[in-house]
Amino acid sequence: MSISMVFSFSAWMSLLNNYVIEVASFDGSQIGILQSLREIPGFLAFTVVLVIIFIAQQRLAYLSMITLGLGVFLTGFYPSATGLYITTIIMSTGFHYLETLNQSLSLQWLDKQKAPIILGKLSAVKSFASIIAFIIIFVMMKFYSVEYKYIYAFFGLSTSFVGILAWIGFEHFKDDVVQEKKLVLKKEYWLFYLLTFFAGARRQIFVVFAGFLLVEKFGVDIHNMIILLFVNAILNMYFAPKIGRFISRMGESITLRIEYIGLVLVFISYAFVENIYFAFFLYIIDHLLFSMAIALNTYFQKIADPKDISTANSVSFTINHIAAVFLPFLLGMVWLYSSSLVFMIGAGIGFLSFLCSFLIPHEPKKGSETTLNLFFKSKIT
1257 MSISMVFSFS AWMSLLNNYV IEVASFDGSQ IGILQSLREI PGFLAFTVVL
1307 VIIFIAQQRL AYLSMITLGL GVFLTGFYPS ATGLYITTII MSTGFHYLET
1357 LNQSLSLQWL DKQKAPIILG KLSAVKSFAS IIAFIIIFVM MKFYSVEYKY
1407 IYAFFGLSTS FVGILAWIGF EHFKDDVVQE KKLVLKKEYW LFYLLTFFAG
1457 ARRQIFVVFA GFLLVEKFGV DIHNMIILLF VNAILNMYFA PKIGRFISRM
1507 GESITLRIEY IGLVLVFISY AFVENIYFAF FLYIIDHLLF SMAIALNTYF
1557 QKIADPKDIS TANSVSFTIN HIAAVFLPFL LGMVWLYSSS LVFMIGAGIG
1607 FLSFLCSFLI PHEPKKGSET TLNLFFKSKI T
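Numbering (my numbering), first residue to last: 1257 to 1637.
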């Protein structure tokens, strides 16, 4: 399921900046609007809790895979602003439901001690899937001049097809712990929620504007963007398992501090970069630092009541996307004035995350969620 999701989404994302500029003639504000619309389904991820009342999580994941594939399939056939906005929402609904369920089921099924290592290996497998996708795209465009719409169609249909096969072929795994079927915000998890909010804001600046900077400012063509993403995937495939073992050995607090201070430095560098090769270097480092974000998930796994994992993951996905709904649009407006200011805002958000990471205990667990030891046993429903 992880491979199938990454296969089509990697194609969608890797082609997007070149596609919207070359075919749809987007400017900074329009890409901001599109990315804001893309995040609305993420903001509504809490509705997963309402849907699993009627359909099992695993089956809902299959439906989400099929929806993701359909959205990617349609993308290339509607190269207008309105068409791209609509197909993006379809694609994003499938993707965000699938990602929410993916994280939820992983944290429910994996042993707490082995989770960082296995999640690191899963990240490496996802990177391998991305590599295959990038190779296929490169060959299609470089040697056969395949149009964007047919590339999107191929990858979209592949994911939908795998979703159907999974539904037919996989057994249904029983849930060891019955999950809550109502939305719950717990004060014990406040630090996880806050760091999740900051992560969503930072991620938007990277996802929306880092690639757009390379295309708009440095004129990077689609072939070089694919090569860059290919290098990212190769490095992540090598480093992700090592990052998982690092988290297991050093703990979540140290790992997240390294990630956050590294992102601060990268965003400041983005703001003033003038050399294309240094911009490539920043893009690669940026991507590797985000691989450390699995530490935030394993931190939550250690402090969470097992029956809260599904609902809390849904809620955290919504929190992650609060900024995502409005930030790309607002920063798209800022971009028209100053691209440097966009990345300086990202650096500020990264610094706030760095400060908050000192509140994570060295050995987090239920009852020791933060170093402040506040807000225990209280629930807001």
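C-beta: ideal position from N, C-alpha, C; glycine also. None of these values were measured; they are calculated from a predicted model.
Between Leu1357 and Ala1301, the CB-CB gap reaches or exceeds 7 angstroms.
Between Pro1620 and Lys1558, the gap from beta carbon to beta carbon is short of 7 angstroms. Inter-residue distance for Ala1371 and Ser1594 is about 42 angstroms (C-alpha atoms, whole angstroms). Three or more beta-carbon pairs drawn from the region 1455-1472 and the region 1287-1304 are found closer than 8 angstroms, and the two stretches are therefore classed as touching. By the C-beta criterion, the region 1556-1571 is judged not to be in contact with the region 1481-1489, since fewer than 3 inter-stretch pairs fall below 8 angstroms. Taken through DSSP and simplified to helix, strand or coil, Ser1624 comes out as strand. Out of Ser1258, Gly1425, Ser1613, Ser1525, the CA that lies nearest to the CA of Tyr1449 is found in Ser1613. Non-local C-beta neighbours of Gly1500 in its own chain, meaning closer than 8 angstroms and more than five positions away in sequence, comprise Pro1372, Ile1373, Ile1374, Leu1375, Gly1376, Lys1377, Ser1379, Ile1550, ordered along the chain. Here Lys1473 is not bridged, per DSSP, to any residue.
For Ile1309, the number of other beta carbons within 10 angstroms of its own is below 16, and it is reported as exposed. Remark: C-beta atoms of Leu1545 and Gly1518 approach each other more closely than 7 angstroms.
If you draw a straight line from the Cα of Asn1273 to the Cα of Gly1467, it comes to about 7 angstroms. Scanning its chain for C-beta atoms nearer than 6 angstroms, with the 5 sequence neighbours on each side dropped, one finds no residue around Ile1514. Fewer than three pairs of CB atoms, one per stretch, sit closer than 8 angstroms, so the region 1586-1603 makes no contact with the region 1423-1430.
Under the three-state reduction of DSSP, Leu1441 is assigned to strand. With the rule of 3 Cβ pairs closer than 8 angstroms, the region 1565-1572 does not count as touching the region 1520-1537. For Leu1300, there is no enclosing alpha helix (DSSP H), as DSSP marks it with neither H nor E. Between the region 1317-1330 and the region 1258-1274 there are three or more C-beta pairs closer than 8 angstroms, enough to call the two in contact. For Phe1394, the enclosing alpha helix (DSSP H) starts and ends at 1371-1400. In terms of Cβ geometry, His1577 and Phe1384 do not form a close pair [threshold 7 angstroms]. Taking C-beta atoms under 8 angstroms as the contact rule, Thr1567 and Val1305 qualify, at a distance of about 5 angstroms.
In terms of CA proximity to Met1589, Ile1287 leads the group Ser1504, Thr1627, Ile1287. Scanning the region 1568-1597 from its first residue to its last, no whole beta strand (DSSP E) run of 3-plus residues comes out. With a beta-carbon spacing of about 7 angstroms, Tyr1539 and Leu1470 fall inside the 8 angstroms limit used to define contacts.
Nearest C-alpha to Ile1420 among Arg1315, Pro1584, Lys1622: Arg1315. Here Glu1508 is buried, its C-beta having at least 16 other C-beta atoms within 10 Å. Taking the CA atoms as reference points, Tyr1406 sits about 14 angstroms from Lys1398. Around Ala1455, the same chain offers Ala1549, Leu1552, Asn1576, Ser1609 as residues with beta carbons nearer than 8 angstroms, after the five sequence neighbours per side are excluded.
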